[in-house]
Amino acid sequence: MSKCAIVGINWGDEGKGRMVDLLTEKYDYVVRFQGGGNAGHTVVNEFGKFALHLLPSGIFRKGVKNILGNGVALDLENLYDEMQTVISQGISITPDNLYISDRASLLLPWHRDLDGLEEARLKDKKYGSTKQGIAPFYSDKFQKKTILAGELFYPEHLKEHLKDLIEWKNLTLTGVYGAEPVKFDDLWKWFEKYGEFFKPFIKDTGRVLKEADKAGKSSLFEAQLGSRRDMDYGIHPYTTSSNTIAAYAPVGSGIAATKIDEVVGVVKAYSTCVGEGPFVCEWFGEEAEELRKAGFEYGAKTGRPRRVGPIDIVATRYGVECQGATAIALTKMDVMSYMEKIPVCTHYELNGEIIDYFPFPVALNDCKPVIEYLDGWKSDIGSIRKWEDLPENARKYVEYVEKAIGCPIKYVSLGPERDAYIER
Ligand code: GDP
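The opening position of the sequence shown corresponds to residue 7 in the working numbering, with each subsequent residue numbered one higher.
The structure is reproduced here in structure tokens:
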């Protein structure tokens, strides 16, 4: 049955959580397939406002099964805290609506420590990590030096595996960073607390999804961040340490050979970027502050002010390509209502040449944005629910972007609330 991925086209924070929350109504399963607790989805619905980091956004819908796939950085400590917060707001989370893959690797306390230690060592050359341990976690995963969630069911084996890992990890902690070594007894207490709590949630989720598919159930795959942060296709090294693209959804969900039918790419009507790295269309000063305030552009996890600028067609077209997007959700159109003229970065200028392709990451430092302006609509569009009711200039903006990026814009979002959108 139908399989749809919802992914970020650019730097992340495009409003994926809001779109997943809306679309979950049509799906039986919602799956997170990569990333960890390092970024946040903001969801506003009838239960309140939530900042989700690891929980799939389908958690608010009755009857929806939510899955954390094998590709995620399974941070049990953060997940536990997040669950308690969401439960305290009246949402039920049980082994009946949250399944965790037995093949997901565990993000351990030392990953968070190592993230902080390495950013401190890098000083002013830091990558802008959120210090949630994601990069050290994925490096260990690729070295096969992690514990899988399913190992919690084999305590004797787990103890031996953990002892080996501690011996290895302490070489780095003490020898490279001069930090305190980890003691087995301390870490075992951590396993007893979180391991016991989460055991009932852990399953072979690949099998669950395959059986669901056979039974005609539909699945939604929810990505974190955007394609500019993809480890292979993003702005290396200012990327995350996993694949944020739709092509990874089947791999990170335990159904590697399955085809995704629809890829909804989420694009913000202007650009934002959190953290370090090249950001060609960046605005500074008052112009930036005005847009930041209008869009409330502060990080969901860190509260950091986001870097802002006009929509970047070059980057967005590349993002559409990387994601294989079949439809676009254009979010935060309402935020731009204050603008007299709507700026659009149509091309880059690189060493005197006008280019329309997204260049090699190092070359981005030498790119300058080429800006064109469209007429603004200067009216509040937040309560409009029909395409034909949008001001003509707002429609022209949507049509302009659609043509420039080469992908149909199916949804136009005009507010954070669930129903504040237009479907075309
Ligand atoms: P995500 O990680 O892609 O889900 O994005 P974030 O949650 O970090 O950021 C999106 C923010 O924009 C959230 O605070 C949403 O509630 C909000 N949002 C999403 N769509 C819209 C929209 O169309 N208009 C407005 N004003 N806010 C929106």
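Here a beta-carbon is modelled for each residue, glycine too, at the ideal position from N, C-alpha and C.
Environment of residue i [buried if 16+ CB atoms lie within 10 Å]
i, result
"Phe148", "exposed"
"Ser233", "buried"
"Arg391", "exposed"
"Asp81", "buried"
"Asp318", "buried"
"Pro316", "buried"
"Leu177", "exposed"
"Asp146", "buried"
Min CB distance residue i to chain B below 8 Å
i, result
"Ile140", "In summary, chain B is missing from the structure at hand, where a single protein chain is found."
According to DSSP, residues forming a beta bridge with residue i
i, result
"Ile73", "Val37 and Tyr105"
"Asp395", "None, per the DSSP bridge assignment."
"Leu226", "Cys10 and Val36"
"Ser277", "Gly315"
"Gly232", "Gly14"
"Ala79", "Ser111"
Between the CA atoms of residue j and residue i - distance to the nearest angstrom
i, j, result
"Tyr354", "Val320", "7 Å"
"Trp196", "Lys150", "21 Å"
"Thr180", "Pro187", "6 Å"
"Lys220", "Val368", "46 Å"
"Asp119", "Pro349", "42 Å"
"Leu370", "Asp130", "20 Å"
"Tyr144", "Gln138", "12 Å"
"Ile93", "Ile99", "7 Å"
"Asp372", "Phe302", "29 Å"
"Asp191", "Gly41", "29 Å"
CB contact flag (residue i, residue j, <8 Å)
i, j, result
"Val37", "Ser225", "yes"
"Val280", "Arg310", "yes"
"Lys338", "Gly21", "yes"
"Ile97", "Ile140", "no"
"Trp289", "Val273", "no"
"Gly258", "Phe56", "no"
"His167", "Pro142", "no"
"Lys209", "Tyr304", "no"
"Val407", "Leu336", "yes"
"Thr278", "Trp17", "yes"
"Val270", "Ala229", "no"
"His47", "Leu29", "no"
Range of the contiguous beta strand (DSSP E) that encloses residue i
i, result
"Pro375", "Cys373 to Asp381"
"Ala57", "Gly54 to Leu58"
"Ala335", "Ala333 to Thr337"
"Lys347", "Lys347 to Leu356"
"Glu359", "Glu359 to Ile361"
Run of the alpha helix (DSSP H) containing residue i, from where it starts to where it stops
i, result
"Thr211", "Thr211 to Lys220"
"Asn16", "Element bounds for Asn16: n/a, residue is neither H nor E."
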